[in-house]
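Structure, as structure tokens:
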Amino acid sequence: MKFFLDTAEVKEIREAASWGIVDGVTTNPSLIAKSGRPYAEVLREICELIDGPVSAEVVATEAAAMLEEGLKLAKLHKNIVVKCPVTIDGLKATSALSRRGIRVNVTLIFNPLQGLAAAKCGAAFLSPFVGRLDDIGHDGFEIIAQLVRIISNYSLPSQVLVASIRSPGHLLRAAESGAHVATIPFAILKQSLHHPLTEIGLEKFLADWRATHQKIE
Ligand code: G3P
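Just remember that our numbering sits 943 ahead of the position in the sequence shown, which is counted from 1.
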């Protein structure tokens, strides 16, 4: 499973990229607003840090304007993947962009048929929001299982990208579900890699080693 970072904070991306486990980045208008930086500038900086897909979302709502924005975003860097919401206009823009060879990440997916439609429009990535489905009492991973099955049934080229991950448990379920990608907030990724027994075990090893008064030459 590919790990994407779900952030526009360059410091977080630089740190996580140094761990060797980050395959891409997703942003959205809220994450860009939170960064407080000019859109094109922060996207270019992220694309130079990560040699993988970097999702940048359009903010227009009408298909022709989405297409125009998508073309501008795609020109910023070869790593840019244009993000469109799974509205009718977003699907029209996805079809137009994918016909031009531009990769699209279709976002704000909350039912499997939205995902299937996006795949039929040539979407490179399908982004169901599991956390927000959990927030309203649904099991967000039901749609993930459905889309993984649908993609497999018809050998569709789209990748299921689990978004709105809120816990290490979500990340584990994404991996167990057979999803192609999970996009993970930095804090959740860091939390997922930590276990107190690892810390305790390492301390014991080092204490015993120190008692030998040896050095590795
Ligand atoms: O990539 C989508 C993600 O940023 C949304 O997460 O926690 O706002 O539902 P959240």
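We put the CB at the ideal spot given by N, CA and C, even for glycine.
| Which residues in the same chain as Gly1121 place their Cβ atom closer than 6 Å to its Cβ, once the five residues preceding and following it in sequence are excluded? | Val1091
| query | So Thr1050 is in the beta strand (DSSP E); what residue range does that whole segment cover? | reply | Val1047 to Ile1052
| said: With a threshold of 7 Å on Cβ separation, who are the neighbours of Asn1054 within its own chain once the five nearest residues in sequence on each side are excluded? | reply: Ile1086
| request: Say yes only if the C-beta of Phe1072 is nearer than 8 Å to one or more non-hydrogen atoms of the ligand G3P, and no if none qualify. | output: yes
| message | Less than 9 Å between the C-beta atoms of Leu1034 and Ala1061, yes or no? | response | yes
| task | Return the chain-ordered list of same chain residues with a C-beta closer than 6 Å to the C-beta of Ala1088, the five sequence neighbours on each side being excluded. | result | Ser1120
| request: For Leu1132, verify whether its CB is less than 8 Å away from any heavy atom of the ligand G3P. | output: no
| request: Determine the DSSP secondary structure at Phe1002, reduced to helix, strand or coil. | output: Residue identity differs from the one stated: residue 1002 is Val in this sequence, not Phe. In this structure, Val1002 counts as coil in the three-state DSSP scheme.
| task | For Ser1107, verify whether its CB is less than 8 Å away from any heavy atom of the ligand G3P. | result | yes
| query | Can Glu1000 and Lys1026 be called in contact, C-beta distance under 9 Å? | reply | yes
| Exposed or buried, what is Ile964 when buried is set at 16 or more other beta-carbons lying within 10 Å of its beta-carbon? | exposed
| task | Report the residue from Gln1134, Ile1023 and Gly1065 whose alpha carbon sits nearest the alpha carbon of Ile1094. | result | Gly1065
| Local Cβ density within 10 Å of Leu1132, reported as buried at 16 or more and exposed below that | buried
| Start and end residues, beta strand (DSSP E) containing Gln1102 | Gln1102 to Val1105
| In terms of residue numbering, what span does the alpha helix (DSSP H) encompassing Ala1117 cover? | Pro1111 to Ser1120
| request: Report buried or exposed for Phe947, applying the criterion of at least 16 other Cβ atoms within 10 angstroms of its Cβ. | output: buried
| request: Compute the beta-carbon to beta-carbon distance between Phe1068 and Leu1019, rounded to the nearest angstrom, for a pair I have assumed lies under 8 Å. | output: No, Phe1068 and Leu1019 are not in contact; Cβ-Cβ is about 18 Å, not under 8 Å.
| message | Taking DSSP's pairing of strands, which residues face Asp949 in a bridge? | response | Thr969
| query | What is the residue span of the alpha helix (DSSP H) that Ser1095 lies within? | reply | Gly1083 to Asn1096
| said: I'd like to know whether the C-beta atoms of Asp994 and Thr969 end up nearer to each other than 9 Å. | reply: no
| Thinking just about the alpha-carbon of each residue, which of Glu984, Leu1145 and Ala1003 is nearest to the one in Ala1036? | Ala1003
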